[in-house]
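Protein chains in written order, with this note's numbering: chain A, 6 to 626; chain B, 6 to 626.
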């Protein structure tokens, strides 16, 4: 490997902006670095592990907010409009990383950078413009307090470019709601872990990007081949194309995967009212997509009074339909669309928002919270108005919204009175809207994933079969699937493999909806970069990244005891298909320890073995 | 996978012969069994783990002696004339397995069987004939005490077939010398672990095989392709073709790999007198090879008085040249050839024989053994006559030969007086003739290999680079070699991969000299069997087999404390290139534990984790 040379797929440049110092620098990265960490989540793990001290305040100037593309970002084919954002999470104190699509990542790369590291804290609100290699820090006083739509519109006018792409926060980010997200355009969030709060803590309202440099690649013909393959295999993503992710609502309710009323219940008989097909037939006015994508799974909706929404904010994804819908006992589709609009306008993660509201609702029904706490709000499950009101209050940190803006774990701690029993989180991250009682691999993933109960873990039990990704496991020596409800050693091995693949997907990065096999992606990486790389090397890279994230969390004081599911899942649901099903605590503890062993971590403590760290070539920390 | 169906490459039949009962049965094996255990060492690990109780006397009727072919045995191309033999070792009490070439395995397969399991003990000496599916137990009273040549000649006359192939023992096997081997023809030994003693303990003199059924294969054209590839790449094995394994003597002495005087010394200035080139130029009268092989690495030699040898016994391999030569301080080539002839005639493993003699010589020089013990023999290093005399005495268990016939570990225990310091063994198996002070991967292999200090472990640091097998490691995510003297985590990972590949080679089985990549071998297996298999699946199978062998040993009471090198290696040699080099005890202990972790074994105890056992699908024992 030639040191210094930069392969296709990379600009070889990381932009570092210190907002305390008003300092803008460009750093070079070399080929060996790119090949080892790939990009996306890999770069983020590297910089956060290397540059952050232990126990920095995630909302203080010492935290760093990192935007990173990867070798596949910006390729003109479906699925490659991705970038990853990371920081120490103010919600969990673990490492946070979250991905987004839209056009922002592709523009950043076309503007000449592979990533941006934001340090320090601006003295007053600012935004950053990155236009074809030119970088500027600009005043954002007039944008502070504005919605994402107002912010994007204003910046586009100021920069005199309707096609400039804006990553930004609304009021929730400014108010440092611990699960504020970063919006890219008006309906693409890097949602999880409170990255928007970190952005707000730095007085950074937005980063606007625009570029014109097409990505370098060594064998561009591979892109056309992949496009042709997708056209021939588009049936594999037909459900997404037809209905978006909301197409899963009804089958998920039937199988028991759909959380109902804070994961307490199983039946949601009116699910058809809020599912993708209904959306299509009633309120949908179009579909939209990310850069270069022909799947176009993003719904655009139009509703009437009293829940009139601005179509520019898009429609709710599956996670949002379940989070603000069934998990709050709500089946009013237009109201959910309104809630989605509010979250996107204020930059709130819909999953954690819905989880916090559902938590509050169950506490209210249990008498742990009363109208005295809620300022008169009747927080029973199913109260549509209360749900919408709470979103506003959370974003603005008003009344009980200020408490719920801390996330379920901190809120439950503050409330006391046994509220923690109803806080559906792992390490402080609200559970994604997928049921571990049904999918044990997902449950194990919730336990051990470095960021907590991530929604991308859902793939481990379901989509990979649909998408033929079992084929990717053959090179790992895995020949067969394992039943969803099995949490024995074979499932753990399968989980570890899938988890590695998903982390790999976040390093390249690539959209998890597309039906490409990881072998195809490795071949594409080879074609783009010119490396003689393959899936095995890339999985190893991804496992290195997972171990680095583990090390980050261990440095923050996390350990084996934090890798645990809420106790609710060791009891059955009240009704529905899983009313007789609960998880076995001991089996999950064993599975967790075996996962540690497979990762080369101490099976008792979950701490990576020194030999494993050395072998993976993880730098001294 | 269709149960019951037998894929190409297998007969689907295991022959089981109980010599106590005079009972001959045939058992069927099915496709799932074949795919999981492959054959060779895999079948042996399965049957020994399943069928042997703990702590049976390895020289009693309860031990079982298993001959096994694999899917590639008998393919008409270089390297596939292999079979594997296993039993509980009378030398070590661990599992024993050892491979041989020649024509025997190919004939067994052509006779309609994939393997033979020998049980019980015959009331009087017998031999077994297996001719085209017909099996008979025959009287061998007249063969008892005969040399291998006499035995083979007689059996061929009796069976009226000059091309019958004979696996057999000489006096050493009959006398249950704990490191007696099983000879196939007159110069192909399944050498290690005392399998010949097990055969002798069963009163079984020989197994004669002959068959005419060509092996089934699904895509026979793959064999021609591989042959063509080898012809085009024959330069990769030129040293073997020109000089046999003896070609390595001089470069090994120069690099420090050649053991001198019981691993004590480093310099052997007269090495040129006993190396492959000298053999070629002085005493070699031809080269011979195994079934189907164009490398033909087996030397045939002719010497004059006083060390006149019968050319039918072949010439010494590298291990023999070093074991009876440099490691005993002997540089008389003809005498080494004579020693080689004696070992082959009596069925003695030349490695353990040389190791035992070198041990006795060092004890003698240290005064731990005296002429009183040796019956007057002057056992100083370099005494050629003493070396030859001891071979006879060991084979016949005469005088001190009876003690040395127990192997160095038991002999040292019996001698006491600090003799153990000079016993160069791991778990009782005498060290192969490769220097762990030079090659740390080899050293780790000596420690953890299930059979002890095996010579095949040599490949882990050297040949695989020559043979381009580093390419095989790329699919495992390994990109680069590690220096020979490094025993850090990267070397452990590399070792684990190589060790798995080598065990895979013993399952297929295939000769380790051939320069095929394991990907080529996996593709060939797929072509032969029709399975959609690949290297990753096969490595997983091999690691399953390694774990089963580990479980066998643990059942016998072995544990982490037995995985250790002789203390000599933590001190430098007296002279030569390694006179300043010694191994670091703590580093090796760490490496051992990390290897356990990588295997899914408890890092402290080396016991396979229950979850790993379950995940690999190893049957309950």
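Yeah, the Cβ is synthetic: ideal placement off N, Cα and C, and Gly gets one too.
DSSP puts residue 122 of chain B in a beta bridge; with which residues? B:21 and B:71
Taking 7 Å as the cut-off, is the beta-carbon of residue 237 of chain A closer than that to any non-hydrogen atom of the ligand SAM? This structure simply doesn't include the ligand SAM, nor any ligand for that matter.
In the DSSP output, which residue or residues are listed as bridge partners for residue 188 of chain B? B:173 and B:194
If you follow the beta strand (DSSP E) that residue 89 of chain A is in, where does it begin and where does it stop? 88–93
With a threshold of 8 Å between beta-carbons, can residue 498 of chain A be considered close to chain B, or not? yes
Assuming residue 72 of chain B contacts residue 78 of chain B under a Cβ cut-off of 8 Å, what Cβ separation, rounded to an integer in Å, is found between them? Actually they do not touch by this definition, with Cβ atoms about 11 Å apart.
In the DSSP output, what is residue 270 of chain B paired with across the bridge? B:265
Between which two residues does the alpha helix (DSSP H) containing residue 359 of chain A stretch? 355–370
Can you tell me where the beta strand (DSSP E) holding residue 131 of chain A begins and where it ends? 131–136
Strictly under 8 Å for the Cβ-Cβ distance: is residue 264 of chain A near chain B by that measure? no
Is the Cβ-Cβ distance between residue 368 of chain A and residue 335 of chain A less than 8 Å? no
Within 10 Å of its beta-carbon, does residue 139 of chain B have 16 or more other beta-carbons around it, so buried, or fewer, so exposed? exposed
Can residue 359 of chain A and residue 388 of chain A be called in contact, C-beta distance under 8 Å? no
Output the distance between the C-alpha atoms of residue 557 of chain B and residue 94 of chain B, rounded to the nearest integer angstrom. 11 Å
Exposure label - residue 252 of chain B; buried when at least 16 CB within 10 Å: buried
Cα-Cα, which of B:284, B:340 and B:304 is closest to residue 310 of chain B? B:340
Provide the residue(s) that pair with residue 515 of chain A in DSSP beta bridges, ordered along the chain. Looking at the DSSP assignment, residue 515 of chain A forms no beta bridge with any residue, so it has no partner.
CB contact below 8 Å: residue 386 of chain A versus chain B: no
Straight-line Cα distance separating residue 51 of chain A from residue 415 of chain A: 28 Å
May I ask you to report which of helix, strand or coil DSSP gives residue 622 of chain B? coil
So which residues on chain A does residue 591 of chain B lean against when the C-beta distance must stay under 7 Å? Going along chain A, no residue has its Cβ under 7 Å from residue 591 of chain B, so there is no contact; the nearest lies around 13 Å.
If you draw a straight line from the C-alpha of residue 283 of chain B to the C-alpha of residue 438 of chain B, how long is it? 20 Å
Between residue 620 of chain A and chain B, is any beta-carbon pair separated by less than 8 Å? yes
Can you say whether residue 37 of chain A is buried or exposed, counting buried as having 16 or more other CB atoms within 10 angstroms of its CB? exposed
4 or more residues per run - each alpha helix (DSSP H) lying fully within the region 559–590 of chain A: none
Considering only DSSP beta bridges, list what residue 215 of chain A is partnered with. A:136
Rounding to the nearest angstrom, what Cα-Cα distance links residue 169 of chain A and residue 574 of chain A in this structure? 45 Å
Does the region 208–228 of chain B come close enough to the region 260–274 of chain B to have 3 or more Cβ pairs within less than 8 Å? no
Identify, in the order they occur along the chain, each residue of the same chain with its Cβ nearer than 6 Å to the Cβ of residue 425 of chain A, setting aside the five sequence neighbours on each side. 417
From the DSSP output, in three-state form, read off residue 499 of chain A for me. helix
Using the three-state DSSP reduction, which class does residue 407 of chain A fall into: helix, strand or coil? helix
Option nearest residue 541 of chain B by Cα separation, candidates B:203, B:527, B:550 and B:422: B:527
Environment of residue 157 of chain A [buried if 16+ CB atoms lie within 10 Å]: buried
Just reading off the beta strand (DSSP E) that residue 289 of chain A is part of, what are its end residues? 289–293
Which value, in whole angstroms, describes the spacing of the CA atoms of residue 567 of chain B and residue 597 of chain B? 11 Å
Pull up the distance between the alpha-carbon of residue 125 of chain A and that of residue 433 of chain A, whole angstroms please. 25 Å
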